[in-house]
Amino acid sequence: NGWIFALAYALFFQSVHVANWWYGSMIGFAQGVIVVVAVLPLLPGIHPRMVSDFRGPEPTRLLEPPGFLATNYGRMTPVVTIIAHAIYGAIIGAFYVLHSG
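If you count the sequence shown from 1, you need to add 7 to reach the working numbering.
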């Protein structure tokens, strides 16, 4: 998964002809926001062992759903998730070397 996103970052950097930590961190920030707002709420519908937000716990479903902005996993979860994605993007942007041609 990380390799696929690194490739996507590289394709983006090549298309805009800019690769630095700032661009990378902004892409990572946007990716983190998308993950917290759009992807994590979909998990209960995808993961077979996760309870939905609308049904109570069942004997076969043991994982708590993320809830609004994944705050069921702790108040700082959305903040840490977004910061981690921004750091990932900054690292990719800082070390990626543009290729001409």
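For each residue, glycine too, the CB sits at the ideal point set by N, CA and C. Remember, predicted model here, so these are calculated numbers, not experimental data.
For residue 16, the uninterrupted alpha helix (DSSP H) segment begins and ends at 9 to 23.
Bounds of the alpha helix (DSSP H) holding residue 85 are 84 to 102. Residues 51, 52 and 72 of the same chain have their beta carbon placed closer than 8 Å to that of residue 59, with the five preceding and five following residues left out of the count. Residue 54 sits exposed, since fewer than 16 C-beta atoms from the chains shown fall within 10 Å of its C-beta.
Here residue 11 is exposed, its C-beta having fewer than 16 other C-beta atoms within 10 Å. The bridge partners DSSP lists for residue 57 are 70.
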